[in-house]
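The sequence shown begins at 1 in full-length UniProt numbering and counts up one residue at a time. Just so you know, even glycine gets a beta-carbon here, dropped at the ideal spot from N, CA and C. All of these numbers come straight from a predicted model, not from anything done at the bench.
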Amino acid sequence: MTGALAGLTTTTFLAFCGAAVALILTPGPDTMYVLARGMQGRGAGVRSALGISTGVLVHTAAAALGLAALLRAAPTAYRLVKYAGAAYLVYLGVSAVRDDEFDPAIETDAEASFRRGVLVNALNPKVALFFLAFLPGFAGSGSGADARMLLLGATYAALTALYLTVVAVASGRVGRILSSSRFSSGLSWLGGSVMVALGVGVAVD
Numbered sequence: 001m002t003g004a005l006a007g008l009t010t011t012t013f014l015a016f017c018g019a020a021v022a023l024i025l026t027p028g029p030d031t032m033y034v035l036a037r038g039m040q041g042r043g044a045g046v047r048s049a050l051g052i053s054t055g056v057l058v059h060t061a062a063a064a065l066g067l068a069a070l071l072r073a074a075p076t077a078y079r080l081v082k083y084a085g086a087a088y089l090v091y092l093g094v095s096a097v098r099d100d101e102f103d104p105a106i107e108t109d110a111e112a113s114f115r116r117g118v119l120v121n122a123l124n125p126k127v128a129l130f131f132l133a134f135l136p137g138f139a140g141s142g143s144g145a146d147a148r149m150l151l152l153g154a155t156y157a158a159l160t161a162l163y164l165t166v167v168a169v170a171s172g173r174v175g176r177i178l179s180s181s182r183f184s185s186g187l188s189w190l191g192g193s194v195m196v197a198l199g200v201g202v203a204v205d
């Protein structure tokens, strides 16, 4: 395992963490869902946050087990996925800046549960496509790519759990802040700009 992760440098890992934090902080359906659940009860919000983080692991495993084998066997496929992923990241960034990516509709059902949080994330096809675009650019190709993707995905899940748990616990105050159109627009611009820059960086690397 240690040898497989040798290709993941400290610089790359820290860059991934920085990009992940910027993306996680961008308001989206997962955040809005946890806010809604947290306003109904702190425990419900925390369970939903942990469920969503588990959904991240589902997407990570799917991406690592399927994509890493393909990329290891076909360098040309890796380049195609990298460029497609870069284009998709730029698209996400532009959509975020235009404020088209974030659906204001949130679920207010009283049945808060860990399982529902998993489904909210795991059954979102946009998240699956995002992980196919996001992870390979940092994990690279060749031997150990699957292990590196799993590590990066687990890191993303942990950061997501930390942030969304804070959102759930402080849901009342966070809800009032995010209801400000100026604040939400500012975070959308920040997150969108990061995604566009990341997409360009992945393409030229």
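Item: Of the residues 164, 43, 8, the one placed nearest residue 32, counting alpha carbons only; Value: 164
Item: For residue 94 and residue 160, the rounded distance between their alpha carbons; Value: 22 Å
Item: Residue 193 versus residue 153 - alpha carbon distance; Value: 22 Å
Item: DSSP three-state assignment for residue 160, whether helix, strand or coil; Value: helix
Item: Cβ distance (whole Å) where residue 157 is taken to contact residue 56 below 8 Å; Value: 4 Å
Item: Cutoff 6 Å; reference residue 25; Cβ partners in own chain excluding five residues on either side; Value: none
Item: Proximity winner among 138, 120, 118, relative to residue 12 (alpha-carbon distances); Value: 138
Item: Member of 117, 43, 91, 83 whose CA lies at the smallest distance from the CA of residue 171; Value: 43
Item: Through-space distance from residue 88 to residue 100, alpha-carbon basis; Value: Because the pLDDT at residue 100 is just 49, under 50, the model does not fix this residue reliably, and the point stays unresolved.
Item: Alpha-carbon spacing of residue 103 relative to residue 140, whole angstroms; Value: Interpretation of residue 103 is limited by its pLDDT of 45, a score under 50 that renders its predicted location unreliable; the figure taken from the coordinates is listed afterwards. Cα to Cα, the separation comes out at about 32 Å.
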